[in-house]
Amino acid sequence: MPGVKVIAALFAVLLAIATPVAAEMQAPQLDEGEILTPLEVPAVLMRLQGWTKFGRSKVYTLPVKAGQHVRITFNSKSRYAFMAIFDLSSSADEAFFGSDESGPTADLTAQSDTTWLIRPYYTRVSSRRGLGAPYEILIDPQN
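Just so we're on the same page, my numbering is the position in the sequence shown counted from 1, plus 11.
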């Protein structure tokens with residue numbers, strides 16, 4: 012049946028095209044209660060405010076283009092609140108930037124078109140209710 016061979020060949024071509032695109036971008040793995048908030052790279056300074064409370068915190072996705080330079084600054088009154096940035100197109104499970112080790116400001120240039128996952132978090136663990144801290148994230152596109 013020549014029709015079946017043509018359909019199988021088309022399916023193989025479509026699968027070959029779709030597989031690299033799907034492999035490029037991992038779906039972000041969220042903790043229980045986290046809310047995913049997609050962002051766009053702003054033309055001017057963007058200010059995000061939130062709370063790091065476990066189970067009700069926001070996680071942000073920021074698409075960036077190859078060669079684009081972005082400065083991301085994390086501020087919190089708490090010494091236990093931090094920010095981690097992950098590259099969703101990378102197979103690495105670890106953050107490529109962490110404010111706990113690298114300081115509050117990330118000056119980043121994207122090597123390729125990708126999406127960054129920005130995750131504010133609170134490190135102190137306690138059974139006390141209401142644990143968390145307010146934060147502010149500034150996203151400043153550099154020209």
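For glycine and all other residues, C-beta sits at the position ideal for the given N, C-alpha and C.
Residue i, buried or exposed, once every other Cβ within 10 Å from all chains shown has been counted against 16
i	result
residue 150	buried
residue 58	exposed
residue 148	buried
residue 130	buried
residue 10	In the structure as shown, the chain begins at 12 and stops at 154. Residue 10 is therefore absent and cannot be evaluated.
residue 110	buried
residue 55	exposed
Rounded Cβ spacing between residue i and residue j (contact assumed at less than 8 Å)
i	j	result
residue 97	residue 50	The pair is not a contact, with the Cβ atoms about 14 Å apart (cut-off 8 Å).
residue 126	residue 100	7 Å
residue 94	residue 107	Their Cβ separation, rounded to whole angstroms, is 12 Å, which puts residue 94 and residue 107 out of contact at 8 Å.
residue 92	residue 146	5 Å
residue 47	residue 70	6 Å
From the options, residue whose alpha carbon lies closest to that of residue i
i	options	result
residue 120	83, 78 and 142	78
residue 153	47, 52 and 41	52
residue 62	117, 45 and 41	45
residue 38	64, 65, 72 and 134	72
residue 122	75, 64, 105 and 142	75
residue 114	83, 105 and 60	83
Beta carbon proximity, residue i to chain C, threshold 8 Å
i	result
residue 134	This model lacks chain C altogether; it includes just one protein chain.
Beta carbon of residue i nearer than 8 Å to that of residue j
i	j	result
residue 144	residue 68	no
residue 142	residue 132	no
#### Entry: Segments of 3+ residues assigned as beta strand (DSSP E) that fall wholly inside the region 72–100
80–87 and 92–98
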